[in-house]
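Trainee: Shown below is the structure under consideration.
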Amino acid sequence: MSDRVPTPGLVRALGLLALWSLVGLAFASQFYLSSVMLGSPITWGEAIRACLGDWYAWALLSVPILWFVRRYPPEGGAPWSRAFLHLAAALAFSLAYVVLRALIGEANGRLIGESSSFWDVFRPLLLRTFPFNLLIYGVIVALSHALSYYRKYHQRTVQALELEKHLAEARLQALKRQLEPHFLFNTLNGIASLMYSDVAAADRMLVRLSELLRLAMNQSSAPEARLREELSFVGHYLEIEKIRFRGRLEVEVDVEPDTLEALVPSMVLQPLVENAIRHGIEPRRQPGRIEISARRQGDRLLVSVADDGAGLPTEPPQRVGIGIANTRARLQELYGKEHRFELRNRPEGGCIALLEIAAHV
């Protein structure tokens, strides 16, 4: 059994034949009903044979007409010269239709046993159909022109969407490149603060940092990643922070198993955790707690990072750091209005960053 795929040319030819067949059958129905109403009924076979002969002749002629329209589009060149050119073509193709239809009529007459010569069919056809043939030519030209404009419009739309997609990807990559050195510099500052007070701790932080950088280098450049990958990355980051805070940082991770394979923005947890540490843990002397959670709610994914610190200031202005501003920008690029991101105080104290997106894998 052959698995050959039909060529585009064959598909177009079959489509053209189907189109003209539908037109012919529509006119055959009208011809049949009219003959019944006028009191001289004909059979369905006679109606179909007469009308399909008319429109299959145009089906043959439509091929050179379409080539001619593509070769000499109405909007090309000087308007008057193109108008004259298509008027001459309309006259020529209209005459060609009469000749072709007369030949078909002569052949059909011989098949059914009627003696009708070419000229017997040609003369009445020329008088009866020639003006209508000019109209048919104009309809074919108009439809071809409309399809050509549609194809061009569709191509421009696809190109615009591709450009928009590439632009969005470029913006996301720029935002990610901004975020990576941001957390790296903050980590290096933490190491520098321990170099003279606790060399062993600083050494452990350097080791953890090298592991974190290796993990960052192995990350895909895709704008989204699995939640489990983000949890692994932020886990390495928290190991560094735990060394820096010397036991003052407690972390609780409560993630439902069915959320681990869900896609989230790449590097979305690290800036939220960093914000919680910077504003909730770092300003105080007593131990602090960070809670990371993820759960499904219907077809939505809810991810949150909370701390038990002092919370957000109640009076403006509330300063937003690079990490949070970057996160907001990337969420807008990725999901538009199909996401929710809030940074608010908790009733029990502290601050919570809540992210809600569609749960997809």
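Residue numbers for the sequence shown follow this note's numbering, beginning at 957 and rising by one. Quick reminder that beta carbons are idealized off the backbone N, C-alpha and C, glycines included.
Counting C-beta neighbours from all protein chains within 10 Å, is the total for Leu-1264 16 or more, i.e. buried, or is it exposed?
Mentor: Per the sequence shown, residue 1264 should be read as Asp rather than Leu. Classification of Asp-1264: buried, given that the 10 Å Cβ count is 16 or more.
Trainee: Here's a check: name, in chain order, each residue in its chain whose Cβ is nearer than 8 Å to the Cβ of Met-957, leaving out the five neighbours to either side.
Mentor: Because the pLDDT at Met-957 is just 46, under 50, the model does not fix this residue reliably, and the value given afterwards should be weighed accordingly. Nothing listed; no residue qualifies.
Trainee: Flag Leu-1268 as yes when its Cβ comes closer than 7 Å to any non-hydrogen atom of the ligand NAP, and as no otherwise.
Mentor: In the structure on display, the ligand NAP does not appear, and there are no ligands present to speak of.
Trainee: Which same chain residues end up closer than 8 Å to Phe-1297 when comparing Cβ atoms and leaving out the 5 residues on each side of it in sequence?
Mentor: Closer than 8 Å at the Cβ level, and outside the excluded window around Phe-1297, lie Thr-1283, Arg-1284, Leu-1287, Ala-1309, Leu-1310, Leu-1311 and Glu-1312.
Trainee: Any chance the segment 989 to 1000 sits against the segment 1010 to 1028, with 3 or more Cβ pairs inside 8 Å?
Mentor: Output reads no: the segment 1010 to 1028 does not touch the segment 989 to 1000.
Trainee: Between Leu-1090 and the rest of its own chain, which residues show a CB-CB distance below 6 Å, the 5 nearest in sequence each way excluded?
Mentor: Hits under 6 Å: Ala-1046 and Ser-1050.
Trainee: Could you check where the beta strand (DSSP E) with Pro-1221 kicks off and where it finishes?
Mentor: Where Pro-1221 is concerned, the enclosing beta strand (DSSP E) stretches over 1219 to 1221.
Trainee: Residues in the same chain with beta-carbon distance under 7 Å from Leu-1194, minus the five sequence neighbours each way, listed in chain order, please.
Mentor: Only Val-1207 and Val-1229 meet the Cβ criterion.
Trainee: Tell me the rounded alpha-carbon separation between Leu-1187 and His-1110.
Mentor: Taking the straight line joining both Cα atoms gives about 42 Å.
Trainee: According to DSSP, what are the bridge partners of Ala-1314?
Mentor: DSSP output for Ala-1314 lists Arg-1256 as bridge partner(s).
Trainee: Does DSSP put Val-1097 in a helix, in a strand, or in coil?
Mentor: If DSSP states are grouped into helix, strand and coil, Val-1097 belongs with the helices.
Trainee: Using the three-state DSSP reduction, which class does Val-967 fall into: helix, strand or coil?
Mentor: Looking at Val-967 - three-state DSSP - the assignment turns out to be helix.
Trainee: Where does Ala-1130 sit, in a helix, a strand or coil, going by DSSP?
Mentor: Its pLDDT being 49, under 50, Ala-1130 is placed unreliably in this model, and the value from its coordinates should be taken loosely. It is helical.
Trainee: Do Ala-1314 and Arg-1256 have their CB atoms nearer than 8 Å?
Mentor: It is a contact, given that the beta carbons lie within the stated cut-off.
Trainee: Which first and last residues belong to the beta strand (DSSP E) in which Glu-1180 is found?
Mentor: Element bounds for Glu-1180: 1180 to 1182.
Trainee: Under a three-way DSSP split, which group does Asp-1264 fall into?
Mentor: In the structure shown, Asp-1264 sits in coil (DSSP, three-state: anything other than H, G, I, E or B).
Trainee: How far does the alpha helix (DSSP H) with Val-1229 in it extend, from its first residue to its last?
Mentor: Where Val-1229 is concerned, the enclosing alpha helix (DSSP H) stretches over 1225 to 1232.
Trainee: For Thr-1143, which of Arg-1182, Ala-982, Lys-1198 and Arg-1057 has the nearest alpha-carbon?
Mentor: Nearest C-alpha to Thr-1143: Lys-1198.
Trainee: Rounded to whole angstroms, what's the CA-CA distance from Glu-1294 to Phe-1086? Just pull it up for me.
Mentor: The straight-line gap from Cα to Cα measures roughly 60 Å.
Trainee: To which residues of the same chain is Tyr-1291 closer than 8 Å at the C-beta, ignoring the five residues directly before and after it?
Mentor: Once the five neighbours on either side are set aside, the close Cβ partners of Tyr-1291 are Ile-1313 and Ala-1314.
Trainee: Gly-1306 and Gly-1203 - do their beta-carbons sit closer together than 8 Å?
Mentor: No, the Cβ-Cβ distance between Gly-1203 and Gly-1306 is not below 8 Å.
Trainee: At what residues does the alpha helix (DSSP H) containing Glu-1289 begin and finish?
Mentor: Counting along the chain, the alpha helix (DSSP H) containing Glu-1289 begins and ends at 1278 to 1291.
Trainee: Can you check which of these residues, Thr-1215, Leu-1099 and Ala-1048, is closest to Ile-1248 by C-alpha distance?
Mentor: The shortest C-alpha separation from Ile-1248 is found at Thr-1215.
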